[in-house]
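Since the structure comes first, as structure tokens, the remarks are kept for the end.
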Amino acid sequence: KQEVTQIPAALSVPEGENLVLNCSFTDSAIYNLQWFRQDPGKGLTSLLLIQSSQREQTSGRLNASLDKSSGRSTLYIAASQPGDSATYLCAEITQGGSEKLVFGKGMKLTVNP
Amino acid sequence: DAGITQSPRHKVTETGTPVTLRCHQTENHRYMYWYRQDPGHGLRLIHYSYGVKDTDKGEVSDGYSVSRSKTEDFLLTLESATSSQTSVYFCAISDGANQPQHFGDGTRLSIL
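Residue numbers (the working numbering), protein chains in the order written: chain P, 2 to 114; chain X, 7 to 118.
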């Protein structure tokens, strides 16, 4: 069974720090991995999608990497801001998985001014 | 933002009543999904659709049915709601496995 794990479940940091959020997955036959952000009471906002043939993707202050051999993805947030406070979720689709996402339980990030 | 509308946004109903949630998209995407989000469980797939009249079960499909008669609409039905189905329900769309999934704003459903 596919499993996606995000540790720690919560993180509190001062503004300005560079952050690394971790995501591990059990199925090495990954097709792609997607990172999302969720604000309280809201839906999920797609941040980055990394396909299995890619090593990383960048968008603004965000950079996501994918290492299939170790079963890990990381989301790097540069120069964190209070507005980055949210829950961050990763999700994978495996090959032959019928385009179904399997989610981690998320990591709640608080950036303090 | 992707054009996804979920209705209703909030609903309170009683055990044993039927409930239908609607997801409407304006993106003409092929795939549509229904998830539920619960504390301690995260997001779990209920059902998904890969085309008009083409649907399949997800991880937690018991007690739910779906229908997709048009590309733009995907309906989720609880035939006889139970308290365990109290949750936040999200609809998502995508244009394929190499494309990102985009989510609606959710429906908060409470079953008393």
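Beta carbons are placed, not taken as given, at the ideal position from N, Cα and C, and that holds for glycine.
*asked:* Just to confirm my understanding: we take R74 (chain X), look at its own chain, exclude 5 residues before and 5 after, and list those with CB closer than 7 Å. What are they?
replied: Residue 74 (chain X) sits at position 68 when you count from the first residue of the second sequence. Excluding sequence neighbours, R74 (chain X) sits near M38, S55, V58, K59, T61 and F80.
_Considering Cα atoms alone, identify which of P:E93, P:G105, P:L49 and P:D40 is closest to S86 (chain P)._
Within the first sequence, residue 86 (chain P) is the residue found at index 85, counting from 1. For S86 (chain P), the nearest C-alpha among the options comes from P:D40.
*Measure from the C-beta of L63 (chain P) to each C-beta in chain X and report whether the shortest distance is under 8 Å.*
By one-based count along the first sequence, residue 63 (chain P) stands at place 62. Output row for L63 (chain P): interface = no.
*Below 8 Å between beta carbons: does that hold for L118 (chain X) and V18 (chain X)?*
For this step, residue 118 (chain X) is matched to residue 112 along the second sequence. For this step, residue 18 (chain X) is matched to residue 12 along the second sequence. Going by C-beta atoms, L118 (chain X) is nearer than 8 Å to V18 (chain X).
*Which whole-angstrom value describes the C-beta separation of T88 (chain X) and T21 (chain X), a residue pair presumed to lie in contact below a C-beta threshold of 8 Å?*
Walking along the second sequence from the start, residue 88 (chain X) turns up at place 82. Walking along the second sequence from the start, residue 21 (chain X) turns up at place 15. So it is a contact: roughly 6 Å between Cβ atoms.
*For the beta strand (DSSP E) that contains G57 (chain X), what are its first and last residues?*
Along the second sequence, one-based indexing puts residue 57 (chain X) at 51. G48 to G57 is the span of the beta strand (DSSP E), which, as asked, contains G57 (chain X).
*Could you tell me whether any Cβ in chain C is nearer than 8 Å to the Cβ of N33 (chain P)?*
Of the protein chains in the structure, P and X, none is chain C.
*asked:* For C91 (chain P) and G105 (chain P), which I take to be in contact (beta-carbon distance under 8 Å), what is that distance rounded to the nearest angstrom?
replied: Taking the first residue of the first sequence as position 1, residue 91 (chain P) is located at position 90. Taking the first residue of the first sequence as position 1, residue 105 (chain P) is located at position 104. Yes, C91 (chain P) and G105 (chain P) are in contact; Cβ-Cβ is about 5 Å, under 8 Å.
*asked:* What residue range does the beta strand (DSSP E) around T19 (chain X) cover?
replied: Against the second sequence, residue 19 (chain X) aligns to sequence position 13. Residues H16 to T19.
*Neighbouring residues, chain P, relative to P106 (chain X) (Cβ below 8 Å)*: On the second sequence, residue 106 (chain X) is found 100 positions in, with the first residue counted as 1. Going along chain P in sequence order, the residues near P106 (chain X) (Cβ under 8 Å) are Q35, S47 and L50.
_Within 8 Å, strictly: CB atoms of Q43 (chain X) and D111 (chain X)_ = On the second sequence, position 37 is the one that residue 43 (chain X) refers to. On the second sequence, position 105 is the one that residue 111 (chain X) refers to. Cβ atoms of Q43 (chain X) and D111 (chain X): not closer than 8 Å.
*asked:* From the DSSP secondary-structure annotation, give me the bridge partner or partners of Q52 (chain P).
replied: As a working mapping, residue 52 (chain P) is identified with position 51 in the first sequence. Q52 (chain P) is bridged by DSSP to P:N33.
*Can you tell which of P:L102, P:Y77 and P:T95 has the C-alpha that lies nearest to the C-alpha of N19 (chain P)?*
Position 18 of the first sequence, counted from the first residue, corresponds to residue 19 (chain P). Among P:L102, P:Y77 and P:T95, the Cα nearest to that of N19 (chain P) belongs to P:Y77.
*Quick one: grab the DSSP three-state call for P15 (chain P).*
Counting from one through the first sequence, the residue named residue 15 (chain P) turns up at place 14. The answer is strand: DSSP assigns P15 (chain P) an E or B state.
*Please classify K101 (chain P): is it buried, with 16 or more other beta-carbons within 10 angstroms of its beta-carbon, or exposed?*
Taking the first sequence and counting its residues from 1, one reaches residue 101 (chain P) at position 100. Buried.
*In chain X, which residues lie with their C-beta within 9 Å of the C-beta of G84 (chain P)?*
Along the first sequence, one-based indexing puts residue 84 (chain P) at 83. G84 (chain P) does not reach chain X, its nearest Cβ partner there being about 17 Å away, counting only Cβ pairs nearer than 9 Å.
*Give me the Cα-Cα distance between S53 (chain P) and I99 (chain X), rounded to the nearest whole angstrom.*
On the first sequence, residue 53 (chain P) is found 52 positions in, with the first residue counted as 1. On the second sequence, residue 99 (chain X) is found 93 positions in, with the first residue counted as 1. Cα to Cα, the separation comes out at about 20 Å.
*The beta strand (DSSP E) spanning S67 (chain X) covers which residue range?*
Numbered from its first residue, the second sequence carries residue 67 (chain X) at position 61. From DSSP, S67 (chain X) is part of no beta strand (DSSP E); its letter is neither H nor E.
*Rounded to whole angstroms, what's the CA-CA distance from G61 (chain P) to L48 (chain P)? Just pull it up for me.*
Here the question's residue 61 (chain P) lines up with position 60 in the first sequence. Here the question's residue 48 (chain P) lines up with position 47 in the first sequence. In a straight line, the C-alpha of G61 (chain P) is about 10 Å away from that of L48 (chain P).
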